[in-house]
Amino acid sequence: MTSSDHWDRFRRLRCDLPALGFSIDASRMELDEPFLARLAAPLARAFAAMKALEGGAIANPDEQRMVGHYWLRAPALAPGAELRAAIEAALAAVKKFAGDVHAARVRPEKAARFTRLLCVGIGGSALGPMFVAEALGQPGRDQLAPHFLDNTDPDGFARVLARLGPALGETLVVITSKSGGTPETRNGMLAVAAAFRLAGLSFARHAVAVTQAGSALDRRAEADGWLARFPMWDWVGGRTSELSVVGLLPAALQGLDIDGLLGGAAGMDEATRIADAFRNPAALLALSWYQATGGVGGKAMVVLPYKDSLLLLSRYLQQLVMESLGKRLDLTGHRVDQGLTVYGNKGSTDQHAYVQQLRDGLPGFFATFVRVLEPGGEPLEVEPGVTAGDYLHGLLLGTRAALFENGRASLTLTVPRVDARTVGALIALFERAVGLYASLIGVNAYHQPGVEAGKKAATALLTLQGKVLAALTPEPRDAPAIAAAAGTPDDVEAVFLLLEHLAASGRARAEGVGPAARFARR
Ligand code: PA5
Numbered sequence: 139m140t141s142s143d144h145w146d147r148f149r150r151l152r153c154d155l156p157a158l159g160f161s162i163d164a165s166r167m168e169l170d171e172p173f174l175a176r177l178a179a180p181l182a183r184a185f186a187a188m189k190a191l192e193g194g195a196i197a198n199p200d201e202q203r204m205v206g207h208y209w210l211r212a213p214a215l216a217p218g219a220e221l222r223a224a225i226e227a228a229l230a231a232v233k234k235f236a237g238d239v240h241a242a243r244v245r246p247e248k249a250a251r252f253t254r255l256l257c258v259g260i261g262g263s264a265l266g267p268m269f270v271a272e273a274l275g276q277p278g279r280d281q282l283a284p285h286f287l288d289n290t291d292p293d294g295f296a297r298v299l300a301r302l303g304p305a306l307g308e309t310l311v312v313i314t315s316k317s318g319g320t321p322e323t324r325n326g327m328l329a330v331a332a333a334f335r336l337a338g339l340s341f342a343r344h345a346v347a348v349t350q351a352g353s354a355l356d357r358r359a360e361a362d363g364w365l366a367r368f369p370m371w372d373w374v375g376g377r378t379s380e381l382s383v384v385g386l387l388p389a390a391l392q393g394l395d396i397d398g399l400l401g402g403a404a405g406m407d408e409a410t411r412i413a414d415a416f417r418n419p420a421a422l423l424a425l426s427w428y429q430a431t432g433g434v435g436g437k438a439m440v441v442l443p444y445k446d447s448l449l450l451l452s453r454y455l456q457q458l459v460m461e462s463l464g465k466r467l468d469l470t471g472h473r474v475d476q477g478l479t480v481y482g483n484k485g486s487t488d489q490h491a492y493v494q495q496l497r498d499g500l501p502g503f504f505a506t507f508v509r510v511l512e513p514g515g516e517p518l519e520v521e522p523g524v525t526a527g528d529y530l531h532g533l534l535l536g537t538r539a540a541l542f543e544n545g546r547a548s549l550t551l552t553v554p555r556v557d558a559r560t561v562g563a564l565i566a567l568f569e570r571a572v573g574l575y576a577s578l579i580g581v582n583a584y585h586q587p588g589v590e591a592g593k594k595a596a597t598a599l600l601t602l603q604g605k606v607l608a609a610l611t612p613e614p615r616d617a618p619a620i621a622a623a624a625g626t627p628d629d630v631e632a633v634f635l636l637l638e639h640l641a642a643s644g645r646a647r648a649e650g651v652g653p654a655a656r657f658a659r660r
């Protein structure tokens, strides 16, 4: 392709949203005329499905739920005055509570004011808040310094609690779980509550819940008299909940501009309602994903923001995209094994890691660059007339060109700076792209049966662990004998692994190592 051909292509496949200072360049994807013509009708159907979704149709058929995250930033669009009032009341409650905390009208049990924020949650109840906290936070200047617990790892609990140290008494704890019954979050809450007890402090006087009304978490928070309880609704999915109380409460407490987040998302929502692929950045993204992967996830998306503060974007998108699109069955019940693999970190750091393989090795990917126009920081010249920011920008353009020369496709998203509006816009862009793409490939983007299956399997293993413990005798026996005694002779491998774990945690005695080891009661 000549340079003037590429310029024509660039002008055609670059879509600008001046109100947000945002643009997307899809000219380095292979969106040719025959492909666009073939996808025109499916895309029209995707737009129609999205319109129905925003109008309150049941868009999550498996769970018979509406899908309402777009209403969070435009409450007037919610179907019915009740939903609109609920969204507006929740936002007002978030602002009031954060204002009261900042003004020390709500204060800790034994300290003058809250200075730290500890968010406990997992998956959709953690990744958005973590991404936004990292993208927009200003360490040392945040109203409350954020910390996160998003696992059931005892070492992880200990590390975060050690980081808080004596500041635990000035820590506001936000426990977030839509279902209110997720074990990792429950365990994190119990670990934090125990730490407060040990410090001679009332956990309830430092705790806030974000959950659905009537959940186990909600009942506990109410019974124990926690500082506040905020709502989640069944029509907002976990991974699309960043602009609900789930994300807005921690952001407001940290002192971030939540109106900016909502405004940026609302602006992107408006642009991505336009039923014209060339003027709608989410449609361009969805079509690019389809073209690059054959509509079957045949290639991975590598997310490369050239900005340290966007480090967690790829992690956040990994969940949003893979939990939404990674589905065994399509909407008609046929087996499709769909998905779109997402990974990434940041540029230019990754140029010194796996970008070598991207440029020269396996071709099974397309890249999504995020380009931030304003360099930020100090305009320090590192060479005459050249700043560190010039290097960052040059390295992005250089890597993109090097990939292109070797036939590797890429998208480029450009934002003026990393601020609340652009972060809100990026969230809304990918939420919409996922929804449109899900329609193109015919899957339900709004349920997560695989996650539920994992939760059930873990519960079954904990039940088995109880049986294994009960079957231990003073006399050491090997795993097959203990499995038989526990009534699960077909589960010998699982029984052996549980025995190794019980021995390592001091609840069984082991003689020997490996599958030949024998285990006894302690
Ligand atoms: O996106 C999702 O639905 C999941 O990742 C959930 O957010 C995650 O499983 C946590 O669930 P909950 O908020 O109910 O604790």
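All residue numbers for the sequence shown refer to our numbering, where the first residue is 139 and numbers rise by one. We put the CB at the ideal spot given by N, CA and C, even for glycine.
Member of the options whose CA lies at the smallest distance from the CA of residue i
| i | options | result |
| --- | --- | --- |
| Arg203 | Gly194, Arg211, Leu210 | Gly194 |
| Glu380 | Ala415, Met439, Ser315 | Ser315 |
| Gly536 | Gln489, Val270, Met188, Arg555 | Gln489 |
| Leu458 | Gln586, Ala421, Pro517, Ala540 | Gln586 |
| Phe252 | Pro180, Ala345, Ala178 | Ala345 |
| Ile313 | Gly218, Gly326, Ala351, Leu174 | Gly326 |
| Ala197 | Val440, Tyr584, Leu551 | Tyr584 |
| Glu168 | Glu461, Ala430, Ala632, Leu511 | Ala430 |
| Arg150 | Gly532, Gly464, Arg417, Phe657 | Arg417 |
| Ala231 | Ala366, Phe148, Val311 | Ala366 |
| Met406 | Arg656, Arg211, Ile620, Leu387 | Arg211 |
| Pro369 | Arg357, Asn544, Glu360, Ala347 | Ala347 |
| Gly604 | Thr349, Gly485, Gly625 | Gly625 |
Alpha-carbon spacing of residue i relative to residue j, whole angstroms
| i | j | result |
| --- | --- | --- |
| Pro501 | Ser340 | 56 Å |
| Ser142 | Asp170 | 17 Å |
| Gly401 | Glu408 | 11 Å |
| Asp446 | Asn483 | 9 Å |
| Ala421 | Gly499 | 30 Å |
| Leu607 | Phe295 | 25 Å |
| Val383 | Leu391 | 11 Å |
| Met139 | Leu448 | 33 Å |
| Asp362 | Lys465 | 40 Å |
| Phe148 | Pro156 | 17 Å |
| Ala609 | Ala648 | 14 Å |
| Ala164 | Tyr492 | 23 Å |
| Ala641 | Ala655 | 11 Å |
| Phe173 | Thr378 | 30 Å |
| Glu247 | Asp616 | 52 Å |
| Ala595 | His639 | 17 Å |
| Arg183 | Ala547 | 27 Å |
| Asp238 | Ala404 | 27 Å |
Same chain only: Cβ atoms within 8 Å of residue i, ignoring 5 sequence neighbours per side
| i | result |
| --- | --- |
| Leu469 | Pro199, Gly580, Val581, Asn582 |
| Gln350 | Lys316, Ser317, Gly318, Asp356, Pro369, Met370, Trp371, Asp372 |
| Glu322 | Ile260, Asp288, Asn289, Thr290 |
| Met460 | Gly477, Leu478, Thr479, Val480 |
CB contact flag (residue i, residue j, <9 Å)
| i | j | result |
| --- | --- | --- |
| Leu256 | Val374 | no |
| Phe504 | Lys437 | yes |
| Pro443 | Ser161 | no |
| Leu177 | Leu578 | yes |
| Val553 | Arg497 | no |
| Asn451 | Val441 | The displayed chain sequence assigns Leu, not Asn, to residue 451. For Leu451 and Val441, yes; Cβs fall inside 9 Å. |
| Leu158 | Val561 | no |
| Gly83 | Gly376 | Past the boundaries of the shown model lies residue 83; the chain is included only from 139 to 660, so the question cannot be answered. |
| Arg662 | Leu549 | Past the edges of the chain, shown from 139 to 660, lies residue 662, and the structure says nothing about it. |
| Tyr575 | Ala415 | no |
| Ala337 | Leu306 | yes |
| Leu399 | Arg570 | no |
| Ala646 | Leu637 | yes |
| Leu463 | Val572 | yes |
| Pro614 | Ala658 | yes |
| Pro267 | Ala389 | yes |
| Leu661 | Leu551 | Because the chain is modelled from 139 through 660, residue 661 falls outside the range shown and cannot be assessed. |
| Phe235 | Leu394 | no |
7 Å Cβ shell around residue i - same chain, five flanking residues per side excluded
| i | result |
| --- | --- |
| Arg301 | His285 |
| Gly133 | Because the chain is modelled from 139 through 660, residue 133 falls outside the range shown and cannot be assessed. |
| Ala216 | Gly206, Trp209, Arg222, Ile225 |
| Glu192 | Tyr208, Leu215 |
| Lys233 | Ala390 |
| Thr320 | Ile260 |
Cβ-based neighbour list, residue i, same chain, cut-off 6 Å, excluding 5 preceding and 5 following
| i | result |
| --- | --- |
| Gln456 | Val480 |
| Ala664 | This structure cannot settle anything about residue 664, because the visible part of the chain is limited to 139 through 660. |
| Val298 | His285, Leu287 |
Chain B within 9 Å of residue i, Cβ atoms only
| i | result |
| --- | --- |
| Gln276 | Reference to chain B is not applicable here, since this structure consists of a single protein chain. |
Listed by chain order, which residues have C-beta atoms less than 6 Å from any heavy atom of the ligand PA5? With the cut-off at 6 Å, the residues found are Ile260, Gly261, Gly262, Ser263, Ser315, Lys316, Ser317, Thr320, Thr323, Gly375, Gly376, Arg377, Glu461, Gln586, Val589.
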